[in-house]
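Note that the sequence shown covers residues 1 to 680 in the UniProt record's numbering. We put the beta carbon where it would ideally sit given N, CA and C, even for glycine.
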Amino acid sequence: MSYQSSDIVEALVREYLVRAGCTSALEGFNREKPKHANSITKREVLRKSLGLDKAAAYYKKQNPTADGLPSTLEVWVIHQMAKFGATSDAVGPALLPAPRPAPGPVRPIPRGATEPDEVSVPMAVPGLPRRPSAGSGIAPVASQSPAASATASQGPPARPMPLRQGFGFGEAVAPRQAAPTTARRISSTPSVENDSDGEPEVIHPGMSRASAGGVVRVSPQGPMQHSASASNVSLRASAPGLGLAAGSAPQVRSGSGATVAMSGGLTPLRAHVASRPDGGRLGMGVSRHRGEMVMEDVGDINFDDEDDGGAAAGVATMRISGPATRKPGTAISPDMMRQVKQLLWGAQGQPPPSWKQGFFFNRHPGLQFGLLQKQGGPCGVLAAVQALILAALHSPTAGFNTTPRGPEQQSALASAITESLWQARMGPTAALVLPEGEAGGAAGRLGYEQLCRAVAQHTATSKEALLDLVRSSLSVLMSEDGWGVVLLVMSLVISRGVDNVRADMDEPGNSLMGMHGYCTQELVNMIVLGVANSNVFDGNKHLDGSTMLKGISRRCRVGLLTLFEWYKYVEVGASLKNPTLPVWVICSESHFTVLFAQDSRALQNQLPFDLYYYDELANQESIIRLSLTRDPRGGWTARVGSSFNDRGKCEGQNIPLLECVIETRWPGVKVNWNGHEAIL
């Protein structure tokens with residue numbers, strides 16, 4: 001499972017307070033930051049999230065008589081102090097590796113040699129101080145003149161050293177046999193010279209900018225060549241994570257055992273090797289932005305056991321390639337696609353043009369939580385997803401975050417889509433439908449039929465894996481002119497199964513898109529609840545002893561209110577009127593919007609309180625705050641009448657219909673629009 005930085009920070013503080021015995025402080029912290037579903041409760045999970053599992057193992061090895069491990073926060077502090085040479089007697093040498101002699105100069109590999117002596121390639125990054133770390137065994141890097149650098153780069157390349165996974169950066173260790181790795185290949189992608197990520201561009205000190213941007217290629221007949229071409233590659237990384245040494249040209253062993261020389265003076269990258277959603281190994285923490293060269297698929301590298309002092313086995317050969325891609329999905333058969341189209345779009349066979357949009361956010365200050373709708377039609381999908389986004393942005397102490405930043409927006413959207421797909425599944429897996437191959441980057445230019453031929457289903461057997469899959473696909477789902485909305489509803493149908501969706505509905509022959517391209521109640525219910533029920537009352541109702549109308553069977557996380565109930569057309573049950581969070585999808589005059597409250601008193605009917613209204617199609621420039629108080633006259637309900645005929649006469653009159661919807665949940669209230677023009 002992937003955790004947000006706030007989850008890790010809270011776990012660090014909570015664990016430290018527990019280990020330190022700060023009971024009062026812990027109680028206060030838990031009041032301010034209560035545990036939630038994503039809270040980290042296991043120390044090993046916390047250590048692995050920070051890449052400190054080896055550090056903890058090394059501490060345990062060096063302190064066999066210690067009373068357990070210190071807190072993860074303490075391990076991290078000691079780790080950082082040891083790494084940057086800031087150790088002291090107070091810290092102690094427990095987490096420091098044994099001192100080793102400084103490595104000698106880089107030596108060329110004799111021609112024909114198969115197992116050259118191990119050497120250490122020191123790190124030399126422009127702009128960073130070159131100093132040895134206490135106890136790390138790193139010798140200072142002597143500066144070289146440009147001529148010396150050029151001369152050194154022309155010599156035979158030196159083999160890179162395996163790097164310690166402990167604290168001594170770049171320490172030499174005895175060679176060990178690495179586990180078999182996957183086949184290696186070399187490819188590159190065009191670089192973006194001025195990337196917006198703000199990461200520094202790290203270039204070998206002994207190379208010119210032109211040569212540093214060259215392409216690293218390999219041919220079947222010869223060694224890797226370093227050529228400057230139109231498709232240049234810029235190797236970027238954060239300075240602490242990339243070691244560059246002037247004049248060095250390390251070698252990489254290919255999958256067949258052949259040795260390939262790498263030009264450009266690249267040394268091995270020392271970084272945490274994380275797990276990938278597809279089960280592979282994500283090699284070396286180089287940023288994976290567009291146009292950048294990344295290290296991935298290290299293969300099944302075996303690191304030393306804890307009793308080996310934390311040293312790594314020989315660094316296995318890496319595959320250097322462009323940005324990582326998802327595994328190919330499973331093709332959707334023509335018959336299945338035909339059934340999906342018929343269930344979704346009915347006789348039309350395809351969505352109207354208004355449905356061609358993705359899930360993108362409002363940029364107005366105070367409205368950054370809100371999705372935007374380009375045209376009428378898919379409002380039910382967007383409002384239902386919007387309600388789930390608000391649920392993801394909710395905190396028990398701070399309420400709804402209405403000003404999320406970009407990463408928070410993406411995280412909330414990914415959580416919302418994951419929640420919807422996961423609860424809709426009928427079996428052990430959920431599916432996400434995505435365009436394959438080159439179509440993924442150009443999905444917005446495809447027509448609907450082209451899209452249907454280009455998509456495949458990607459399945460996940462756990463909610464965590466599904467979340468990772470959704471996160472990796474956000475660029476497709478969030479494209480403003482893309483097919484994100486359509487891909488979501490297709491994914492829901494395939495996750496649940498066409499036959500199961502039809503079995504949820506009162507009229508199995510109907511489609512999930514209604515007249516005029518509007519969303520049906522079944523589609524909204526499937527997004528919010530995972531079940532395509534046709535009704536909003538609680539439980540099931542039998543008519544004439546043979547017909548059963550299917551309603552809501554459980555309390556919902558987000559609710560729903562509808563103007564149809566005020567007109568006495570339908571009944572909304574307590575499951576939707578009283579959700580666990582104060583957020584409701586609003587259905588009024590064939591349009592779906594969202595209403596929510598920052599005050600928990602809204603769920604307890606304790607007036608007064610404020611509601612906040614958001615319409616993704618209304619081009620709002622600010623959120624609409626509605627203040628609810630008790631109306632001595634009983635609100636519109638008392639003034640108009642309680643019968644079906646009386647309320648039916650109100651259609652077309654200057655009555656703010658949103659107030660009527662509000663009265664279905666909070667009867668007899670007066671609504672103050674706080675300066676906003678009432679929506680009639």
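| If you follow the beta strand (DSSP E) that P435 is part of, which residue opens it and which one closes it? | 430-435
| said: Quick check on C22: buried or exposed, where buried means 16 or more other Cβ atoms within 10 Å of its Cβ? | reply: exposed
| task | Decide yes or no for the touch test of the segment 367-385 against the segment 493-506: beta carbon pairs closer than 8 Å, at least 3 of them. | result | no
| message | With a threshold of 8 Å on Cβ separation, who are the neighbours of P353 within its own chain once the five nearest residues in sequence on each side are excluded? | response | Q375
| request: Answer with buried or exposed for F596, where buried requires no fewer than 16 other C-beta atoms within 10 angstroms of its C-beta. | output: buried
| Just curious, the beta strand (DSSP E) that L628 is in, first and last residue? | 624-630
| Should Y569 be labelled buried (16 or more other beta-carbon atoms within 10 Å of its own) or exposed? | exposed
| Touch test, the segment 440-447 against the segment 502-514, Cβ-Cβ under 8 Å, three pairs minimum | With a cut-off of 8 Å, the segment 502-514 and the segment 440-447 do not count as touching, because too few Cβ pairs lie within range.
| Cβ neighbours of S256 in the same chain (closer than 7 Å, five flanking residues each side left out) | With a pLDDT of 40 at S256, under the threshold of 50, the modelled position of that residue is not reliable, and no figure is offered here.
| Are the CB atoms of A34 and P428 nearer to each other than 8 Å? | One detail in the question is off: residue 34 reads as Pro in this sequence, not Ala. Cβ atoms of P34 and P428: not closer than 8 Å.
| message | For a quick check, are the C-beta atoms of L432 and H394 less than 8 Å apart? | response | no
| query | Taking all protein chains shown into account, do 16 or more other C-beta atoms lie within 10 angstroms of the C-beta of H591, making it buried, or fewer, making it exposed? | reply | buried
| Which residues bound the alpha helix (DSSP H) around V476? | 474-477
| task | State the Cα-Cα distance for the pair A20 and T580, rounded to the nearest angstrom. | result | In a straight line, the C-alpha of A20 is about 35 Å away from that of T580.
| said: Going by DSSP in three states, P99 sits in which element: helix, strand or coil? | reply: Any reading at P99 must be qualified, since the residue scores a pLDDT of 49, below 50, and its modelled position is unreliable; the value itself is stated next. P99: coil per DSSP, three-state reduction.
| said: Using DSSP's beta-bridge definition, name the partner residues of C587. | reply: T562, F592
| field | Nearest-angstrom Cα separation, counted from N63 out to E74 | value | 15 Å
| query | Apart from the five residues on each side of it in sequence, which residues of its chain come closer than 7 Å, Cβ to Cβ, to V18? | reply | Hits under 7 Å: L26.
| query | Quick one: any contact between the segment 354-368 and the segment 539-548, if contact means 3 or more CB pairs under 8 Å? | reply | no
| Identified DSSP bridge partners for N540 | K550
| request: Would you check if the distance between the CB atom of L421 and the CB atom of L466 is smaller than 8 Å? | output: yes
| said: For the alpha helix (DSSP H) containing N500, name the first residue and the last one. | reply: 498-504
| Alpha carbon to alpha carbon, what distance is there between L628 and L576? | C-alpha separation (whole angstroms): 20 Å.
| said: Quick check on DSSP: helix, strand or coil for L413? | reply: helix
| query | Does the separation of the CB atoms of E565 and V558 fall below 8 Å? | reply | Taking 8 Å as the Cβ cut-off, E565 and V558 do not qualify as a contacting pair.
| Quick one: Cα of Y612 to Cα of I623, how far? | 7 Å
| Own chain residues within Cβ distance below 7 Å of Y3, not counting five before or after | N38, I40, S49
| query | Any idea which residues DSSP pairs H394 with across the strands? | reply | F400
| task | Provide the residue(s) that pair with M336 in DSSP beta bridges, ordered along the chain. | result | Its beta-bridge partners do not exist; DSSP assigns none.
| field | Nearest-angstrom Cα separation, counted from I78 out to A416 | value | 39 Å
| message | Quick check: what's the CA-CA separation for I662 versus D631? | response | 13 Å
| query | Roughly how many angstroms separate the alpha carbons of G539 and A384, rounded to a whole number? | reply | 21 Å
| query | If you draw a straight line from the C-alpha of V215 to the C-alpha of V531, how long is it? | reply | Confidence at V215 is low in this model, with a pLDDT of 41, below 50, so its placement is unreliable and no value can be given for it.
| For M526, does the count of other Cβ atoms within 10 angstroms reach 16, so buried, or fall short, so exposed? | buried
| field | Cβ separation of V489 and L512, assumed to be a contact under 8 Å, to the nearest whole Å | value | 7 Å
| query | Is any heavy atom in the ligand NAD found nearer than 7 Å to the beta carbon of E32? | reply | Here there are no bound small molecules, and the ligand NAD is not part of this structure.
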